[in-house]
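For the sequence shown, position 597 (counting from the first letter as 1) is numbered 683 according to the working numbering, and the numbering increases by one without interruption.
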Amino acid sequence: MEGRGLRAGFTADAPPLLHMSEPLRRTAFNRLFAVVYFSAILALLYRHVQNLFLHPTTSFLSFSITLFLFISDLVLAFMWASAQAFRMSPIRRKEFPQNLKQIIKDEDFVGLDVFICTADPYKEPPMNVVNTALSLMAYDYPTEKISIYVSDDGGSVLTLFAFVEAAKFARYWLPFCRQHNIMERSPHVYFESNSHHPSIPQFEKIKMMYEDMKMKVEHVIDKGEVIEEYISDDQQHQGFNKWTKSFSRMDHPTVIQVILDKSKDTDISGQLMPNLIYVSREKSKTSPHHFKAGALNVLLRVSAVMTNAPIILTQDCDMYSNDPQTPLRLLCYFSDPALKSNLAFIQFPQRFHGLNRDDIYASEYKRLFKINSMGFDGLKGPNYVGSGCFFRRRALFGGPSTPVPPEIPELGPDHVVRKPIISQEILSLAHRVAGCNYENQTGWGSQSGFRYGSLVEDFYTGYRLQCEGWKSLFCNPERAAFLGDVPITLFDVLSQCKRWCIGLFEVAFSKYNTLIFGSQSMGVLMSLAYSHYALWPIWCIPVTFYSFLPQLALLNQVGIFPKITEPWFFLYVFLFLGAYGQDFLDFVLDGGTVRKWWNAQRMWMIRGLSCYLFSSIEYLLKSVGISTHGFSLTSKVVDDEQSKRYGQGIFEFGVPSPLFVPLTVAAIINLFSFLLVLTQSFSGKNTEGLCLQMILTGSIVLNCLPVYGAIGLRNDAGKMPTQITIISTFVSVALYYASSLCL
């Protein structure tokens with residue numbers, strides 16, 4: 087399948103090819119295997135029904151174990167079936183940005199508004215945010231078409247100061263990048279990977295300027311206030327003086343500061359600079375602020391008033407641009423009349439730098455961000471994953487055929503801004519639409535803009551847009567468009583995932599639930615694909631049951647799976663090897679290594695016993711009105727010792743978190759049950775009926791090797807906290823005695 091895009095008014099006999107797509111070769115195999123594997127699942131469920139109802143046991147305990155395993159297998163069957171939606175018609179796309187300028191002149195390029203969100207200068211260091219912004223300002227794109235909006239939800243004068251300094255440095259950095267055709271346009275990344283560049287005369291000068299800016303910003307962060315000697319003019323004084331004694335993180339007026347104005351600010355080469363606008367929306371303790379979705383909607387309105395570009399890029403504060411030609415790739419699709427009418431957004435995969443060699447925490451999320459996105463793309467397009475996504479502004483104001491007009495015309499996607507962004511009228515209206523009460527009695531968050539109602543505003547917004555009839559595309563160039571940071575401690579990884587899972591449950595059990603509402607709006611396959619993610623946390627059911635029930639039975643010499651001589655034994659082996667084998671094949675064919683795959687399946691088990699489990703409990707408590715913890719940021723601050731251990735591939739526990747208790751209990755019970763039966767089999771006892779339980783327990787023991795090391799072999803700060811080990815040991819003993827009494 088091929089797609090071509092022509093600019094209105096362009097005529098040519100053979101317009102250049104802008105993009106193309108092709109199906110993955112393994113699609114036919116996936117469909118055939120799905121039929122075979124589904125038949126095996128039906129056979130397994132028949133066996134469970136037979137044991138439960140057709141030939142029930144007289145023992146209540148045996149009935150309960152069979153019931154729990156039946157429930158676990160039902161969940162596994164649903165998650166497998168929903169995952170097949172990604173395998174039915176995956177496609178791979180390719181763009182040809184080199185052909186774009188044959189049909190579009192620079193002056194005809196559409197405007198681009200970039201949204202960068204940050205919320206805490208101590209968890210999200212301003213220098214990281216600055217590097218992200220500078221890399222985006224330096225796109226190979228007409229600079230007068232770019233506007234960078236920085237949302238500071240922490241309302242910190244420190245962040246504003248960092249961007250004032252960044253604007254000064256940008257006057258030198260942007261022409262330097264253009265002149266030398268630099269690919270790494272994040273200054274931090276460029277200077278870190280190029281300590282010396284004798285062929286570039288200005289290299290040392292630019293590097294010294296960057297280091298000077300970094301020193302000033304970090305000094306201000308350490309002091310906790312803007313130092314008077316760093317303020318160079320009255321305009322800066324006026325901006326920083328907005329932070330009065332009554333100004334607090336959760337209670338302050340709107341602050342909008344135009345740091346760079348493309349109509350008058352130029353770099354050292356005389357070329358116009360992009361707009362750079364700092365926005366800290368009004369906050370009040372009596373008004374809901376809707377977390378990141380609320381911040382994005384404020385940027386959506388403020389940008390509509392000031393520039394109203396038809397294309398919007400939403401970007402995490404730590405995801406810098408790694409390819410300056412990324413905007414040209416998206417225009418290859420947005421310029422295609424065949425796609426333009428119902429194309430809402432183009433999603434680039436989230437990819438990361440700084441991963442250790444074997445990605446011990448599976449932070450790459452290869453299946454989430456890449457493999458399944460290609461599967462989504464063969465249906466109606468990928469889901470929105472929060473960063474690296476280019477939206478058509480129109481898509482955020484109703485469906486393709488059912489537009490939702492905003493309450494004032496200045497916010498409409500077709501509104502043309504004719505006044506300077508620093509005019510009093512523009513700034514006054516921008517402050518008004520950034521007010522904390524502006525959305526009252528409007529459709530913002532429900533019918534327009536980024537949607538409220540879930541902690542995963544990205545997933546929910548993309549889902550709602552596709553339910554309205556919009557489509558999306560997955561763009562995955564060979565060179566990563568964006569690169570971001572990853573958490574380097576297990577606690578941060580699991581805490582981040584727990585927050586996602588609570589938000590996913592909020593979508594799954596809303597009135598727009600993915601199974602019923604989704605299937606009516608998008609069709610069965612898209613509904614199943616979205617449901618696979620919305621119900622992600624229910625993985626905890628089979629993972630928890632299969633981590634404890636067979637092992638406790640094993641400790642008491644009770645077999646709960648078929649013997650090796652029974653035909654059903656081979657069904658279990660096929661189901662196990664089939665699921666793992668197909669997952670392994672997908673992973674490796676997409677460029678993964680065997681060790682990375684092993685770590686990915688290990689982390690699936692760890693998440694099932696921690697963040698999936700705790701998020702399910704927390705959502706249940708929240709549903710019945712019991713207060714739980716609110717939104718929390720994942721820290722982007724790097725500790726040197728933690729970074730060193732992460733680089734060595736050593737798991738970082740360290741924090742005495744309840745998240746580690748079920749995992750540690752499972753590790754202890756599996757180890758002792760495996761060793762006990764292994765000893766008995768060597769001593770000549772008949773363990774034929776325990777073969778499957780031994781295989782399962784042995785695989786869990788292998789997955790728990792980092793836990794055993796953290797408990798007994800390490801003395802560094804990242805070892806398992808003593809109190810977690812003690813609590814887990816007592817719980818393990820209690821479970822053993824309880825199972826002995828019952829079995």
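Virtual Cβ for every residue (Gly too), placed ideally from N, Cα, C.
Whole angstroms is fine: what's the gap from residue 296's alpha carbon to residue 314's?
-> Counted from its first residue, the sequence shown places residue 296 at position 210. Counted from its first residue, the sequence shown places residue 314 at position 228. C-alpha separation (whole angstroms): 21 Å.
Hey, could you find the ends of the beta strand (DSSP E) residue 408 is sitting in?
-> Sequence index remark: in the sequence shown, residue 408 carries index 322 (1-based). First-last for residue 408: undefined, no H or E at that position.
Below 8 Å on the Cβ atoms is my guess for residue 512 versus residue 201; work out the distance and round it to an integer in Å.
-> Looking up residue 512 in the sequence shown gives position 426. Looking up residue 201 in the sequence shown gives position 115. Contact flag wrong, Cβ pair sits at about 18 Å.
Which of helix, strand or coil DSSP assigns to residue 192 | In the sequence shown, the residue the question calls residue 192 occupies position 106. Helix.
Under three-state DSSP, which class holds residue 227?
-> For this step, residue 227 is matched to residue 141 along the sequence shown. Coil at residue 227, not helix or strand.
First through last residue of the beta strand (DSSP E) which encompasses residue 621 = Residue 621 sits at position 535 when you count from the first residue of the sequence shown. Looking at the DSSP string, residue 621 is not in any beta strand (DSSP E), and its letter there is neither H nor E.
Residue from 396, 436, 455 with nearest C-alpha to residue 426 = The residue you call residue 426 lines up with position 340 of the sequence shown. When each option's Cα is compared against that of residue 426, the closest is 396.
Residue 728 versus residue 517 - alpha carbon distance = Mapped onto the sequence shown, residue 728 falls at position 642. Mapped onto the sequence shown, residue 517 falls at position 431. Cα to Cα, residue 728 sits roughly 42 Å from residue 517.
Which partner residues of residue 232 appear in the DSSP bridge assignment?
-> Position 146 of the sequence shown, counting from 1, holds the residue named residue 232. BP columns for residue 232 point to 198.
Just how far apart, CA to CA, sit residue 752 and residue 764?
-> Residue numbering aside, residue 752 sits at position 666 when the sequence shown is read from its first letter. Residue numbering aside, residue 764 sits at position 678 when the sequence shown is read from its first letter. When rounded, the distance between both Cα atoms is 18 Å.
Residue burial classification, residue 321 (beta-carbon count within 10 angstroms, cutoff 16) = Walking along the sequence shown from the start, residue 321 turns up at place 235. Exposed, because fewer than 16 other Cβ atoms sit within 10 Å of the Cβ of residue 321.
State whether the segment 237-254 contacts the segment 197-214, with contact taken as three or more CB pairs (one from each stretch) at a distance under 8 Å.
-> yes
Quick one: give me the first and last residue of the beta strand (DSSP E) that residue 343 is part of.
-> Within the sequence shown, the letter at position 257 stands for residue 343. Where residue 343 is concerned, the enclosing beta strand (DSSP E) stretches over 341-346.
For residue 365, does the three-state DSSP call read helix, strand or coil?
-> In the sequence shown, counting from the first residue as 1, residue 365 sits at position 279. Here residue 365 carries a strand assignment [DSSP, helix/strand/coil].
Residue 489 - partner residues in DSSP beta bridges | For the purposes of this step, residue 489 is identified with residue 403 of the sequence shown, where counting begins at 1. DSSP lists 484 as partners of residue 489.
Taking C-alpha atoms, which residue in 219, 750, 593 lies nearest to residue 705?
-> Counting from one through the sequence shown, the residue named residue 705 turns up at place 619. Looking at the Cα atoms, 593 is the closest of the given residues.
Between the C-alpha atoms of residue 169 and residue 618, what's the straight-line distance to the nearest angstrom?
-> If you number the sequence shown from 1, residue 169 lands on position 83. If you number the sequence shown from 1, residue 618 lands on position 532. If you take the alpha carbons of residue 169 and residue 618, they lie about 6 Å apart.
Residue 507 bridges to which residues according to DSSP?
-> Walking along the sequence shown from the start, residue 507 turns up at place 421. The partner list for residue 507 (beta bridge, DSSP) is empty, contrary to what the question assumes.
Tell me where the alpha helix (DSSP H) around residue 734 begins and ends.
-> Mapped onto the sequence shown, residue 734 falls at position 648. First-last for residue 734: undefined, no H or E at that position.
Express the C-alpha separation of residue 472 and residue 548 in angstroms, rounding to a whole number.
-> On the sequence shown, position 462 is the one that residue 548 refers to. On the sequence shown, position 386 is the one that residue 472 refers to. Their Cα atoms are separated by approximately 9 Å.
Where does the unbroken alpha helix (DSSP H) through residue 781 begin, and where does it stop?
-> Taking the first residue of the sequence shown as position 1, residue 781 is located at position 695. 777-789 is the extent of the alpha helix (DSSP H) around residue 781.
Cα separation between residue 681 and residue 668?
-> Start at 1 with the first residue of the sequence shown, and residue 681 comes out as number 595. Start at 1 with the first residue of the sequence shown, and residue 668 comes out as number 582. Residue 681 and residue 668: Cα-Cα distance of roughly 16 Å.
Three-way DSSP call (helix, strand, coil) for residue 359 in this model = The count along the sequence shown starts at 1 and reaches residue 359 at position 273. If DSSP states are grouped into helix, strand and coil, residue 359 belongs with coil.
Does the distance from the C-beta atom of residue 402 to that of residue 203 stay below 9 Å?
-> Position 316 of the sequence shown, counting from 1, holds the residue named residue 402. Position 117 of the sequence shown, counting from 1, holds the residue named residue 203. Yes. Within cutoff.
Report the rounded CA-to-CA distance for residue 818 versus residue 794, giving the unit in angstroms.
-> As a working mapping, residue 818 is identified with position 732 in the sequence shown. As a working mapping, residue 794 is identified with position 708 in the sequence shown. For residue 818 and residue 794, the distance between alpha carbons rounds to 15 Å.
Close Cβ partners of residue 127 (< 6 Å) along its chain, the five nearest in sequence each way excluded = As a working mapping, residue 127 is identified with position 41 in the sequence shown. Here the set comprises 163.
Can you tell me the Cα-Cα spacing of residue 93 and residue 625, whole angstroms?
-> Translated into the one-based positions of the sequence shown, residue 93 becomes position 7. Translated into the one-based positions of the sequence shown, residue 625 becomes position 539. Reliability fails at residue 93, whose pLDDT of 40 lies under 50, so the model's placement of it is uncertain and no value is given.
From residue 147 to residue 385, what does the alpha carbon distance come to, in whole angstroms?
-> In the sequence shown, the residue the question calls residue 147 occupies position 61. In the sequence shown, the residue the question calls residue 385 occupies position 299. One C-alpha to the other measures close to 58 Å.
Closer than 6 Å by C-beta to residue 216: which residues in its own chain qualify, once you throw out the five before and the five after it? Chain order, please.
-> Start at 1 with the first residue of the sequence shown, and residue 216 comes out as number 130. Answer for residue 216: 248, 252, listed in chain order.
Are at least three pairs of beta-carbons, each pair with one atom in the segment 490-499 and one in the segment 572-579, less than 8 Å apart?
-> no
Neighbourhood of residue 90 by C-beta distance below 7 Å, restricted to the same chain and skipping five residues each side = Locating residue 90 in the sequence shown gives position 4, where the first residue counts as 1. With a pLDDT of 43 at residue 90, under the threshold of 50, the predicted position of this residue should be treated as unreliable, and no value is reported.
When the Cα of residue 708 is compared with those of 540, 666, 658, 673, which residue comes out closest?
-> Working through the sequence shown from its first residue, we reach residue 708 at position 622. It is 540 whose Cα lies nearest to the Cα of residue 708.
Does the beta-carbon distance from residue 612 to residue 177 come in below 9 Å?
-> Start at 1 with the first residue of the sequence shown, and residue 612 comes out as number 526. Start at 1 with the first residue of the sequence shown, and residue 177 comes out as number 91. In this structure, residue 177 does not lie closer than 9 Å to residue 612 by Cβ.
Indicate whether residue 342 and residue 388 have their beta-carbon atoms separated by less than 9 Å.
-> The residue you call residue 342 lines up with position 256 of the sequence shown. The residue you call residue 388 lines up with position 302 of the sequence shown. Cβ atoms of residue 342 and residue 388: closer than 9 Å.
Assign residue 67 to one of three DSSP states: helix, strand, or coil.
-> Because residue 67 is not part of the residues shown, which for the chain are 87 to 829, the question remains open.
Nearest-angstrom Cα separation, counted from residue 467 out to residue 534 | Locating residue 534 in the sequence shown gives position 448, where the first residue counts as 1. Locating residue 467 in the sequence shown gives position 381, where the first residue counts as 1. Taking the straight line from one Cα to the other gives about 20 Å.
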